[in-house]
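The structure appears below as structure tokens.
In my numbering, the protein residues as written are 10 to 430.
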């Protein structure tokens, strides 16, 4: 199948059901779609990186959530803390990928910095996952945590607590998480009146409790299911301001200093986020009251959007990397056997200080990909292996190369006077 026809099939399948297609044969594209990935499926087509993944032929070798090529690994199963770790993984596997492409008779596609950024953002998003809870464990926790005292043994309502029918009509645990937050003050008052110690939850415990509550009784008409669609980082960013989250919390150093920085956490799933909100809710309510603010009400969709925003906010840490460490690394990793810095070093490849190709983090990684074939050839000629890099090392080198971006002023022609400062 030609690349253009293959690409068209992926795009058609993506617009119809996103990731319905299995690359190998047209007939297999007619099989039933797998369960949509969460929390961003089935609308992955909204991400520009999805288009890059399709059009550049990545899916001919790689799968995402089990759908796609089987030559390379499933890219949704790789766990990366952010932009530079993904970039380092891409670099470290380039020799093997290049060899495989040659065996398959495939040309290595080029990537612009924008395409590279979009692709890595898409792959990072696919790694987001919420595990399925265990209903049996959840039933035990529902009793041991005291939920049963208000909500009844099956969540059908008890002594003072409402039935949890809405949870059984939910298509996502985030709806339960939103209800726990929005009704938290009333629940806290009821527990205090009954002398119940307010329980705390780990993310896994909350997953299990939600699994029990959701499955405790038969669902009603599917048409009545409470829908929550995949979270939108853009909407989440807007909500972060509208709900006054930034009054207390910072993202990338911008915002209030009352609560912790939320932009540099590791992967946080929906239920981990919900558990953290529940556990810290009394402290947050007190701080809101001190400032004359009401507890913001959140719908399930609001929480999905906020979590998507927080998840991606720490993806690209602009403060990452050390230029001084990067300067040492370009030496120790052998970069200067081919490259130079202000004329010092190798003569085979570009001078980092004057190159117009590198500069931004995305442009550095795109350049690594686009020039990988020539770098592999030079490494073979010099009887050396291309160095491997950790995400931190790539961030250091990128920061160092970026620090060289202030190009020296052009020399004035002989016989002319330099302008006064």
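Glycine included, every Cβ here is placed at the ideal spot set by N, Cα and C.
Cβ atoms of residue 256 and residue 2: under 8 angstroms apart, would you say? The shown model of the chain, from 10 to 430, leaves out residue 2, and the question about it has no answer.
Reference residue 214; option with closest CA among 147, 268, 245: For this step, residue 214 is matched to residue 205 along the chain shown. When each option's Cα is compared against that of residue 214, the closest is 147.
Could you check whether the region 109–126 touches the region 395–410, counting it as contact only if at least three pairs of C-beta atoms, one from each stretch, sit closer than 8 angstroms? no
Helix, strand or coil at residue 193 [DSSP, three-state]: Translated into positions along the chain shown, residue 193 becomes position 184. If DSSP states are grouped into helix, strand and coil, residue 193 belongs with the helices.
Which of helix, strand or coil does DSSP assign to residue 205? Taking the first residue of the chain shown as position 1, residue 205 is located at position 196. Residue 205 falls in the coil class under three-state DSSP.
Strand pairing of residue 114, partner residues [DSSP]: As a first step, residue 114 is located in the chain shown; it is residue number 105 there, counting from the start. In the DSSP output, where bridge partners are listed per residue, residue 114 has none listed.
Just the Cα atoms here: how many angstroms apart are residue 85 and residue 189? The sequence position of residue 85 within the chain shown is 76, counting from 1. The sequence position of residue 189 within the chain shown is 180, counting from 1. When rounded, the distance between both Cα atoms is 30 angstroms.
Are the region 67–85 and the region 146–160 in contact at 8 angstroms, needing three or more beta carbon pairs? no
CA nearest to the CA of residue 316, picked from 369, 204, 240: For the purposes of this step, residue 316 is taken as the residue at position 307 of the chain shown. Nearest of 369, 204, 240 to residue 316, Cα basis: 240.
Would you say residue 130 and residue 58 are within 8 angstroms of each other, going by their C-beta atoms? As a working mapping, residue 130 is identified with position 121 in the chain shown. As a working mapping, residue 58 is identified with position 49 in the chain shown. In contact: residue 130 and residue 58 (Cβ atoms closer than 8 angstroms).
Shorter than 8 angstroms from the beta carbon of residue 130 to some beta carbon of chain B? In the structure shown, chain B cannot be found, because there is only a single protein chain.
Let me know the alpha helix (DSSP H) ranges lying completely inside the region 238–264, each 4 residues or longer, listed in chain order. 242–251
Can residue 246 and residue 318 be called in contact, C-beta distance under 8 angstroms? By one-based count along the chain shown, residue 246 stands at place 237. By one-based count along the chain shown, residue 318 stands at place 309. Against a cut-off of 8 angstroms, the Cβ pair of residue 318 and residue 246 comes out as a contact.
Could you check the C-alpha separation between residue 170 and residue 250 for me, to the nearest Å? Your numbering for residue 170 matches position 161 in the chain shown. Your numbering for residue 250 matches position 241 in the chain shown. Computed Cα separation, rounded: 32 angstroms.
For residue 428, which three-state DSSP category applies? Along the chain shown, one-based indexing puts residue 428 at 419. Note on residue 428: pLDDT 39, under 50, position unreliable in the model; no value is reported.
In whole angstroms, give me the CA-to-CA distance for residue 397 and residue 379. Sequence index remark: in the chain shown, residue 397 carries index 388 (1-based). Sequence index remark: in the chain shown, residue 379 carries index 370 (1-based). Distance between the alpha carbons of residue 397 and residue 379 is about 17 angstroms.
From 349, 337, 321, 97, residue whose alpha carbon lies closest to that of residue 375: As a position in the chain shown, residue 375 is number 366, starting the count at 1. Out of 349, 337, 321, 97, 97 has the C-alpha closest to the C-alpha of residue 375.
Whole angstroms is fine: what's the gap from residue 222's alpha carbon to residue 173's? Residue 222 sits at position 213 when you count from the first residue of the chain shown. Residue 173 sits at position 164 when you count from the first residue of the chain shown. Residue 222 and residue 173: Cα-Cα distance of roughly 7 angstroms.
Whole angstroms is fine: what's the gap from residue 370's alpha carbon to residue 400's? Mapped onto the chain shown, residue 370 falls at position 361. Mapped onto the chain shown, residue 400 falls at position 391. About 12 angstroms.
Report the three-state DSSP secondary structure of residue 364 (helix, strand or coil). The residue you call residue 364 lines up with position 355 of the chain shown. Three-state DSSP puts residue 364 in coil, outside helix and strand.
Kindly indicate which residue of 109, 154, 264 has the alpha-carbon position closest to the one of residue 219. Numbered from 1 along the chain shown, position 210 holds the residue referred to as residue 219. Checked all of 109, 154, 264; the closest Cα to residue 219 is 154.
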